[in-house]
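Under UniProt numbering, the first residue of the sequence shown is numbered 1, with each subsequent residue one higher. Quick notes on the structure that follows.
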Amino acid sequence: MDSRCSVAVRLKCTRSLSHCEFPSTGSGLSHGKVEDPFGFEVLQEQQQELRQKVLELQLRNGEVKVLRDSLRRMESDLDKQKRLHLLSEQERMDAQSQRDRELSRKVQSLQSELEFKEAEMIELQGKLKPCERVSKSTASEAITRCVS
Numbered sequence: 001m002d003s004r005c006s007v008a009v010r011l012k013c014t015r016s017l018s019h020c021e022f023p024s025t026g027s028g029l030s031h032g033k034v035e036d037p038f039g040f041e042v043l044q045e046q047q048q049e050l051r052q053k054v055l056e057l058q059l060r061n062g063e064v065k066v067l068r069d070s071l072r073r074m075e076s077d078l079d080k081q082k083r084l085h086l087l088s089e090q091e092r093m094d095a096q097s098q099r100d101r102e103l104s105r106k107v108q109s110l111q112s113e114l115e116f117k118e119a120e121m122i123e124l125q126g127k128l129k130p131c132e133r134v135s136k137s138t139a140s141e142a143i144t145r146c147v148s
């Protein structure tokens with residue numbers, strides 16, 4: 001093989017050397033650099049850029065995962081707070097309902113007691129009317145009659 005081909009060039013060049021492009025200078029050097037006839041430097045730069053992009057993508061994926069986990073925790077906490085609030089509200093409503101029932105029973109009891117007192121008052125007024133008709137001279141007799 002031609003001495004101008006480097007080891008890498010020889011490995012990559014699978015066809016005859018006539019298809020390979022070599023620099024025009026006999027030493028293979030141009031301005032102090034070795035010419036890259038197959039674009040290996042460009043490929044290496046692209047590979048390095050791709051590696052950098054992969055690292056950036058992995059970093060972003062990690063950040064996204066952290067944010068998703070944080071969002072899930074926040075949603076879970078929010079759901080827990082909602083459940084606790086609903087439970088607290090239900091307990092408050094149950095307690096209010098119990099107080100309302102107790103007050104209703106008390107009002108009903110007082111209403112019944114009032115009705116009995118009114119009936120007793122009407123009965124006593126009915127007994128008092130005949131007593132008022134009795135003359136003032138016989139008031140003491142009337143009182144004894146009414147009481148008995």
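For every residue, glycine included, the Cβ atom is placed at its ideal position computed from N, Cα and C.
Distance between residue j and residue i (C-alpha atoms, nearest Å)
i: Q98; j: H85; result: 20 Å
i: G126; j: D94; result: 48 Å
i: L59; j: R92; result: 49 Å
i: P130; j: R105; result: 39 Å
i: V54; j: S70; result: 24 Å
i: S76; j: L67; result: 14 Å
i: L124; j: V107; result: 25 Å
i: E120; j: E89; result: 46 Å
i: L78; j: L87; result: 14 Å
i: V42; j: R72; result: 44 Å
i: L50; j: N61; result: 16 Å
i: S24; j: D36; result: Annotation note: pLDDT 46 at S24 (below 50); position unreliable, coordinate value reported separately. Roughly 12 Å between the two C-alpha positions.
Residue i in three-state terms, based on DSSP
i: G39; result: coil
Same chain, Cβ closer than 7 Å to residue i, neighbours up to 5 away in sequence not counted
i: Q52; result: none
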